[in-house]
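In what follows, a single structure is set out as structure tokens and then discussed.
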């Protein structure tokens, strides 16, 4: 078995990101699309933490990546609240959460 | 009433004017005005005795000056009413022109209270035990006209409680109020003086004359007419309280008189049969033997299953097998029953007409027994004339045993349908029955039913609705009092189903009303008659077409044979 | 009627926090906790049955041991849930010719009975009495449908002074022996 | 890791879980007892176990106290028919009781139960000790609501569904208040998030000997304590905040469709939540295992001190559990809108104000 | 031990993510998202970012997914149409997916990303204290900005989710 190195985490992160991206492109349900976006954010977070961890030395703990993740999480929470509020408003107006049914601009 | 209008006289009951025939007594007159005058001893079909004094009323006549024979007028020019100073008994006083009756005055009220008090002095008040409770005039009048409490503190008379005065009648001397209706009934209706009064004063009581018992076939009528619970029926005694019982108008099937009856039942069980007043048929009487007919409803040999070759089947299978047999038959003999209703006879006629057989023999089996010239006639079939009217048979001749046997033996008849009749007594023995297709329809098993290929249970008169035509050609209907055995279709319903299986024209449903729509359309004598339209007292039907038929009835209460 | 509008008393600051109310409420419950319980330990302790309690209806006998019920069926008639079913019967007792009628069977379906007491109310012979039996139970439904024997067993004797049949019997004997007129 | 160490840790975990489970189990009996006391009744006092119950005096006493009610109830839940309604989402339906039951068990791993002094150095009696203790507790306890939401959703019928929705919104509303009300405490303790350190900070006396109050946070930060207590009631869905269950308007709320052992799991889970919540409140605001007016160093060294400290904490926890029940049988249930108003419009602003006030106080009085 | 845990948590992160994308049921998706987040949190913990790990669970599992579930239940958006007959729509995302996932993996494995580094035993990389220090010194401005962002988001959310936006006073609505 390999020793677990940065690469392993990066691969997981990239896979997670692509899964999320795939989901955003594939799914038509706004809520699920939103979830997939969260997955993508998570992937980024994972990569950041991994970089931060593997670049740390005993003298210099390299906290910046972690702090960045902290910001991301905070902003993500705000984003979820706002996004879901928008979805609720949308649902009230259109009674649907399917992206391909929200075609007001096309017409 | 047959009196023409101009002969009627005016009577005023509590100020209400009614027109009555001369000679009508005051009780009946008041009744027409809708005013009830309480009475015990008076009975519409018995002579007036006037011994209970319950019907005391105030009476007044238009004043006439004796000397001048001129009406006495008051200031307004109206004739003055001269009121009698003392009350009169309404039962024994006949209406005269301009008669005035007052039933609501203080005097009348006090009279009634006094009479009720005297009647109740020695009455045992054992209503909880008494069978009459619920239909007891003493109870009713005590609440309506009594004073409501008793002033009597002394001990009451004690008299014998259970005196058998006849095989079917028990006398409770304590309860008797000595109205004498039973005594008069014996004397005037059954014309056999059995009962009379004995002892004196408050010990006075009813008793049989020495050596006599009340064993006449009409003895139970005294139970009906007894206004209190003094005379009770051994059959109904302590069986059920009358307020639980449902009353269903019916017709007695004992004979062709067609006595009107009421069937008293509770939860599907019949407890007694009493006569229903019909002044052109049976007045208010009926025979004791007729009252016992309800016992045939729940007996051991009651037929309750459709069977084919002895095996129980459902009604649809029986209908199919029946229809199959009819369709295959070369010759059919039908022994119809004079106990069937008009509707069933009509449907049976249709059924036979629908069968493709070449030879068809239909006979109503006559039941001739000795009549009593009162309410039991010689012809014991209640609906002989119905069979004629519906066209089921063209005459009432007997089934010639020899003829039937010969026809069967010759093979021209291979199917025999018997409705409620035992064919072994008509010349067909078991060997022949085994050869035949034998269909037995009946309420009860009989000797021949065990050889039946198909057996159809029928309902008794109490379990179905329908109508009979009695000896006077009077169409009378009866209603269903109790449900039939479980799973048994009504006779009409079975016949309708059978007609349907034979692809014949059928009424909308098997109810009497639906069948009657067809009957009234096809039978000229019944034209315009609907089942609902048959009145309670019956509907006279034109029977002149059958005047030549050899009817066997003798004279009875309201019937005189044409040849007499 | 004139409608008078009452202004609600404005709440003080302390009242608006609800805390004093909550605390006083807690005090009340605490005081309740310290009080002894009022529970009746049922199977061991029996409740005191008040006078006029409507328990299981039972049939009673008179002090002579005669059944009082004459099967008049008024209770059957009046019973709202139709719990009573009487089969009337006759007693041919030459000793007491006035005692003519008694139930052949008296069926009281306690699964239906609602203990309303109308049967006791209506009984002209004071033969059916709602006594203080409050616990009637069984493992089988059939046993809850009480019959005549069981009802008399439960009812016992009603010690009233009303010797109706005795009086009748005596009077009948007197009438038979000495002709009074 | 040495396997013996692993075994010992496992053993410790099992012991702790068993103890907490017993406490939560008996809380059920306790609830019935407390309610009966409040209502002037006796409560469970009949259940008995053949052999134990016939011990002359003790058996009778235990029976009267309802001690054997718990095994009886448990056995009943176990042996009842397990209904599985046709219309439910089978997977989540089965999962929900477990999820609702798990968080308290996980929180157990970081709770300090007492202190163990060896050679003058005191350490926590706990399964593990982490420096993010309270954050971990909050993170895990917030997962408990999934049990309710899933139960409500999986049951696929109206009332449980409403219960689930109420649970989720109530949890979001009061989670904030919990965090904000705890912040001043951890500011006071100097930035550590460790629960052991919080208890250590509560030994001794507040404002010097003369004032006469234990140095517990409930005295130094009464508003924080009150806010946390109220939010704790809401988080554990206890009356007067049991909106998700609310049997008067929602039949049984989220567990309407549950029966037998799964219902039992919910039931015990609620009491486990309650027990853990009580322990947390004791640790954070009631000084943990500290005894009033005595310094924490008063505990003797070694096992004896450890056991004593655990017992003191247990006493405080049990009192709080009793307090939960006391409140339940005193106060009526809030209306749903009242719960929301209280959470957002009163508790949250109060918590923010409280936080700001303490921040200012601490900024200007650094020696506090 | 470390390796096993890593693969376990990686699987716990990735598999639910895949299932999420394919799930037909929104509630299922939300639950799968939790599992994925918990897996990520575990990976954080393996990277010794304990605080972030706890935050991850607290914020995502504790709040975000509850919010998701609340909205899903509120909108009754549980069921989703099947994917049948939508093959065309799948092809393009699938291509993106393959490209996005294969390329980096290949790149990393081919060693172009530089030599893989093996983590050394470093003192706890993140404690709450260090975090706080950094936030209030080096990242003071972003921190304040984030706070402002949260406030803005809160105001925005309240505005959006008002039941009847058009019922606002006209002067506001016209702008």
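Chains as they are written, first to last, in my numbering: chain A, 33 to 139; chain B, 106 to 669; chain C, 2 to 182; chain D, 1046 to 1413; chain E, 529 to 703. Ideal Cβ placement from N, Cα and C applies to all residues, glycine included. All of these numbers come straight from a predicted model, not from anything done at the bench.
Original post:
Any idea if residue 682 of chain E is buried or exposed, counting beta-carbon neighbours within 10 angstroms, 16 or more meaning buried?
Top reply: exposed
Original post:
What in chain B is Cβ-close to residue 102 of chain C, meaning under 7 Å?
Top reply: 234 and 343
**OP:** Could you check the C-alpha separation between residue 348 of chain B and residue 60 of chain C for me, to the nearest Å?
**Re:** 23 Å
Subject >> Continuous beta strand (DSSP E) stretch holding residue 110 of chain C: start and end >> reply: 102-110
**OP:** Mind listing the chain D neighbours of residue 36 of chain C? Cutoff is C-beta to C-beta under 9 Å, in chain order.
**Re:** What residue 36 of chain C touches in chain D: 1082 and 1085.
**OP:** Name the one or two DSSP bridge partners that residue 523 of chain B has.
**Re:** Residue pairing from DSSP places residue 523 of chain B in a beta bridge opposite B:440 and B:545.
**OP:** Leaving aside the five residues before and after residue 292 of chain B along the sequence, list all residues of the same chain whose C-beta is less than 7 Å from its C-beta, in chain order.
**Re:** 298
**OP:** Below 6 Å CB to CB, which residues in the same chain sit around residue 649 of chain E once its five sequence neighbours on both sides are set aside?
**Re:** Note that residue 649 of chain E scores 46 on pLDDT, short of 50, meaning its location in the model is unreliable; the coordinates nonetheless yield the value given after this. Nothing listed; no residue qualifies.
Original post:
Hey, how far is the Cα of residue 338 of chain B from the Cα of residue 187 of chain B?
Top reply: 47 Å
Original post:
Who are the near neighbours of residue 666 of chain B in its chain, counting only those whose CB is closer than 8 Å to its CB and skipping five residues on each side?
Top reply: 656, 658, 659 and 660
Subject >> Local conformation of residue 145 of chain C per DSSP, three classes >> reply: helix
Original post:
Which one of B:174, B:589, B:437 and B:513 has the shortest CA to CA distance from residue 532 of chain B?
Top reply: Its Cα nearest to that of residue 532 of chain B, the residue B:513 stands out among B:174, B:589, B:437 and B:513.
Original post:
In the structure shown, what three-state DSSP assignment does residue 1246 of chain D receive?
Top reply: coil
**OP:** Please list the partners that residue 1374 of chain D has in chain C, where partner means a Cβ-to-Cβ separation under 8 Å.
**Re:** 30
Subject >> Neighbouring residues, chain H, relative to residue 1110 of chain D (Cβ below 8 Å) >> reply: Protein chains A, B, C, D and E are contained in the structure displayed, whereas chain H is not.
**OP:** Name, please, each residue of chain A whose Cβ falls closer than 8 Å to the Cβ of residue 506 of chain E.
**Re:** Because chain E spans 529 through 703 in this model, residue 506 of chain E falls outside it and cannot be assessed.
Original post:
Should residue 1410 of chain D be labelled buried (16 or more other beta-carbon atoms within 10 Å of its own) or exposed?
Top reply: exposed
Subject >> For residue 1387 of chain D, the first and last residue of its enclosing alpha helix (DSSP H) >> reply: Segment: none, residue 1387 of chain D is in no alpha helix (DSSP H) and carries neither H nor E.
**OP:** Identify, in the order they occur along the chain, each residue of the same chain with its Cβ nearer than 6 Å to the Cβ of residue 474 of chain B, setting aside the five sequence neighbours on each side.
**Re:** 485
Original post:
Would you call the CB atoms of residue 319 of chain B and residue 387 of chain B closer than 7 Å?
Top reply: Their beta carbons are not under 7 Å apart, which means residue 319 of chain B does not touch residue 387 of chain B by this criterion.
**OP:** Indicate whether residue 266 of chain B and residue 163 of chain C have their beta-carbon atoms separated by less than 7 Å.
**Re:** no
Subject >> Span of the alpha helix (DSSP H) around residue 135 of chain C >> reply: Looking at the DSSP string, residue 135 of chain C is not in any alpha helix (DSSP H), and its letter there is neither H nor E.
**OP:** Check residue 413 of chain B in the structure and name its three-state DSSP category.
**Re:** strand
Original post:
Are the C-beta atoms of residue 1061 of chain D and some chain E residue less than 7 Å apart?
Top reply: no
**OP:** Just tell me which of B:278, B:124, B:211 and B:605 has its CA closest to the CA of residue 161 of chain B.
**Re:** B:211
Original post:
Using the C-alpha atoms, what's the distance from residue 1313 of chain D back to residue 1081 of chain D?
Top reply: 20 Å
Original post:
How is residue 475 of chain B classed by DSSP in three states: helix, strand or coil?
Top reply: It is coil, neither helix nor strand.
Original post:
Whose C-beta lies closer than 6 Å to the C-beta of residue 1246 of chain D among residues of the same chain, with five residues either side of it excluded?
Top reply: 1234
Subject >> residue 1374 of chain D, DSSP secondary structure in three states >> reply: coil
Subject >> Partner residues on chain B for residue 78 of chain C, Cβ-Cβ distance less than 9 Å >> reply: 346, 348 and 349
**OP:** Reducing DSSP to helix, strand and coil, say where residue 641 of chain E ends up.
**Re:** At residue 641 of chain E the pLDDT is 47, less than 50, meaning the model places this residue with poor confidence; the figure from the coordinates comes in the next sentence. Residue 641 of chain E: coil per DSSP, three-state reduction.
**OP:** Look at the Cβ atom of residue 639 of chain B, then the Cβ atom of residue 582 of chain B, and state whether they are nearer than 7 Å.
**Re:** yes
Original post:
Taking only beta-carbon atoms, is residue 548 of chain E less than 7 Å away from chain D?
Top reply: no
Original post:
Around the C-beta of residue 1047 of chain D, are 16 or more other C-beta atoms found within 10 angstroms, so that it is buried, or is it exposed?
Top reply: exposed
Original post:
Where in the stretch 203-234 of chain B do unbroken runs of the alpha helix (DSSP H), each at least 4 residues long, occur, reported from the N-terminal end onward?
Top reply: 211-226
**OP:** Along the beta strand (DSSP E) that carries residue 369 of chain B, what are the first and last residues, could you check?
**Re:** 365-371
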